[in-house]
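Right, one structure below, let's go through it.
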Amino acid sequence: MSGWEDLRKQARKLENEIDLKLVAFSKLGTNSTPLYKNENSDTEPLLSTEDMLNNMGQEIEHLLSKLTNINEKLTEFNENNDHVGGSAMRHVLQRHHDILQDYTQEYRKTSANLKARKEREDLLHSVRKDIDAYKTTSGLNRRMDLYVKENEHIRNSDRMVSDQISIAMETREHLVSQRHHFKRIQTRIHDLSSRFPMINNLMQKIHFRRRRDSIIVGLVAAFCLFLILLYIFH
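The opening position of the sequence shown corresponds to residue 191 in the working numbering, with each subsequent residue numbered one higher.
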């Protein structure tokens, strides 16, 4: 009977430990602290709630395993000494089995609830991460679109400036060509006027009108160039 009492003491000690662990396990799992680890938090503790629950769960499983072994020894002792204890021993043995079963069921129920809670929190955490990633990606895409549009606008402006400069250069070359052409005509007319004095007055009038036309053409070209530059840098 001393062996029986020693096994019962061990069983009651384990039952008390398991009861305390289950209460702490359930309380820790029902607090407001998130179960998942926040990777971006600078204040995250070294041991998260999830880690503590895992460690506590392993301890409870170890205690339940030890209590199961003790109950098996009690059963074996009862089978070998049934004539000594009789119904009282069987009643005590059944009581220990019932307690073990209750603790096992409670642990499994609490573990299942914690697993479901963690899955919900993981899902919400994943959704938040997806939303944050979408916002970040959308913001980058919007900025990239603005950069592309701005770059396209700059390229169009540069192309327009290049076209206007090309037009101005062609106009300048055309005016230079006209000036050379007028010079050749002036030289020929001067030669004729030196030979024919009567034509000299007519040539002077023509020269005066040509100068006036040149001034007008120059003013018109300068005004057009001013309008082009004003349009470009507006």
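Glycine included, C-beta positions come from ideal geometry on N, C-alpha and C.
Secondary structure at T220: coil, using DSSP grouped into helix, strand and coil.
Under the three-state reduction of DSSP, S352 is assigned to helix.
S238 sits in coil when the DSSP states are folded into three classes, being neither helix nor strand. In the structure shown, the three-state DSSP call for F416 is helix. By the CB criterion at 8 Å, G247 and F267 fall outside the cutoff. Inter-residue distance for G219 and D335 is about 47 Å (C-alpha atoms, whole angstroms). Look at F423 here: in three-state DSSP terms it is coil, with no helix or strand label.
Here T377 is exposed. Its C-beta has fewer than 16 other C-beta atoms within 10 Å.
Contact between T294 and L254 holds, since their C-beta atoms are separated by about 6 Å, short of 8 Å. Secondary structure of N271 (DSSP, three-state): coil.
Inter-residue distance for R362 and I418 is about 14 Å (C-alpha atoms, whole angstroms).
When only Cα atoms are considered, R202 and E296 end up about 18 Å apart. With distances taken between CA atoms, N244 lies nearest to L212 out of L313, L257, E269, L212. It is roughly 15 Å from the alpha-carbon of N206 to the alpha-carbon of N261.
For G408, the closest alpha carbon among the candidates K373, I396, Q368, Y421 is that of Q368. With respect to the 8 Å criterion, I208 and L257 are classified as neighbours on the basis of their beta carbons. 8 Å or more divides the Cβ of L197 from the Cβ of L304. Per the C-alpha coordinates, the member of C414, E195, Q291, L313 positioned closest to I357 is C414.
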